[in-house]
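FYI, in the numbering used here the residues of the sequence shown are 23 to 127. This report concerns only the one structure given below.
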Amino acid sequence: MSQKIINKLLEAAQEDTTNPFPHFALAKEYQKVNDLVSAENHFRHLINNFPEYGGTYYHFALFLIEKNQPEEAIEIINAGLPVLQSAGETNLYKELAGLKHEYFE
């Protein structure tokens, strides 16, 4: 089932290159099937091409924490906090700040 979902999401990402959601969903689906390289590639694509897509920061940082890459996770958190604050994404900001507090303070 996951491969079918992945194929649909890949198609959606190719059809509309301005939509960040398929890349986010791909990152999460690849995580589910333990294809961590592909998941990380899609998270990085989001950070590089859609920095305003707020949910990426929390999920990518948690992904990196789970991969035992805390230095990079804190970099992602610190990059995301001002983006979320300036976008007025209060709930996402609180979640990301909470993640920082839980793991790094």
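Ideal placement from N, C-alpha and C gives every residue a C-beta, glycine not left out.
- In terms of CA proximity to P42, R66 leads the group V59, A101 and R66.
- Taking each of I87, T78 and E37 in turn and checking the Cα distance to A101, the smallest one comes out for T78.
- In this structure L114 is in contact with G76, their Cβ atoms being roughly 4 angstroms apart against a cut-off of 8 angstroms.
- Sixteen is the threshold: when 16 or more other Cβ atoms of the shown chains lie within 10 Å of the Cβ of H64, as they do, the residue is buried.
- Your pair F46 and L68 checks out as a contact, with CB atoms roughly 6 angstroms apart and the cut at 8 angstroms.
- Inside the stretch 47 to 110, DSSP marks no whole beta strand (DSSP E) run of 3 or more residues.
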